[in-house]
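For reference, the structure is listed below as structure tokens.
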Amino acid sequence: MAKWDNMLAIVWLLRSRNSMTAEQLSERLEISVRTVYRYIDALCASGVPIVADSGHDGGYHLPKSFREAPLFFNLNELKSLFHAASFARGAGYPYETDLGHALEKIQQNLNYKQKAYLDRHMSGFDVMFSQHDESMHRWLK
Numbered sequence: 030m031a032k033w034d035n036m037l038a039i040v041w042l043l044r045s046r047n048s049m050t051a052e053q054l055s056e057r058l059e060i061s062v063r064t065v066y067r068y069i070d071a072l073c074a075s076g077v078p079i080v081a082d083s084g085h086d087g088g089y090h091l092p093k094s095f096r097e098a099p100l101f102f103n104l105n106e107l108k109s110l111f112h113a114a115s116f117a118r119g120a121g122y123p124y125e126t127d128l129g130h131a132l133e134k135i136q137q138n139l140n141y142k143q144k145a146y147l148d149r150h151m152s153g154f155d156v157m158f159s160q161h162d163e164s165m166h167r168w169l170k
């Protein structure tokens with residue numbers, strides 16, 4: 030696997046379990062223990078709050094608050110979610126209010142680059158809908 034794939038795999042493994050040692054991570058990902066240490070250092074430097082517990086029952090884990098963080102989406106996945114919501118709205122989707130709330134939660138947790146990309150992309154997309162439709166406008170902004 031590529032470096033970034035392994036780093037993301039470490040995050041997902043730590044998210045799905047209580048704790049894992051560097052040896053367990055290296056066996057699972059088929060990489061060296063030293064590489065696990067380097068990847069964990071890089072993840073910590075980028076803001077992932079990995080906690081290291083030393084001792085016999087030690088290992089790495091993520092705080093519970095991180096487990097409640099939103100899923101990671103790439104830019105095309107974000108774009109497709111908002112497009113699907115627009116099409117669902119136009120088709121009379123019965124859970125449009127809940128869908129709108131879900132999209133608002135996603136938008137609140139986007140980073141600056143994702144927000145700028147989505148705003149730039151969606152600014153031309155919402156002309157398909159009536160300007161009087163405030164709920165749809167809120168989804169897209």
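Numbering (our numbering), first residue to last: 30 to 170. Note that CB positions come from ideal geometry on N, CA and C, so glycine has one too.
Near residue i, what residues of its chain come up, given a Cβ to Cβ distance below 6 angstroms and the 5 sequence neighbours on each side ignored?
i    : result
S48  : G88 and H90
L128 : A114
E125 : R118
L104 : Y146
P78  : P92 and F95
Taking the alpha-carbon positions, what's the residue i to residue j distance?
i    : j    : result
A53  : Q137 : According to the sequence provided, residue 53 is Gln. The question's Ala does not apply to it. Q53 and Q137: Cα-Cα distance of roughly 35 angstroms.
F95  : A117 : 31 angstroms
P92  : I39  : 14 angstroms
H150 : L132 : 16 angstroms
L139 : G121 : 27 angstroms
D63  : F102 : Residue identity check: residue 63 is Arg in the sequence provided, not Asp. Roughly 29 angstroms separates the two Cα atoms.
V80  : T50  : 11 angstroms
R46  : K32  : 21 angstroms
Would residue i pass as a contact of residue j if the rule is Cβ separation under 8 angstroms?
i   : j   : result
Y66 : M36 : no
L43 : R57 : no
Near residue i, what residues of its chain come up, given a Cβ to Cβ distance below 7 angstroms and the 5 sequence neighbours on each side ignored?
i    : result
L107 : Q143 and L147
I60  : N35
Check the DSSP bridge columns for residue i and list the partner residues they point to.
i   : result
M36 : Paired residue(s): none; M36 is not in a bridge.
A81 : Y89
Leaving out five residues on either side along the sequence, give the residues of the same chain with a beta carbon under 8 angstroms from the beta carbon of residue i.
i    : result
S55  : S61, V62, T64 and V65
I135 : P99, F102, L107 and L110
Three or more C-beta pairs under 8 angstroms: does that hold for the segment 113-130 against the segment 67-77? Between the segment 113-130 and the segment 67-77, the count of Cβ pairs shorter than 8 angstroms is below three; the stretches do not touch.
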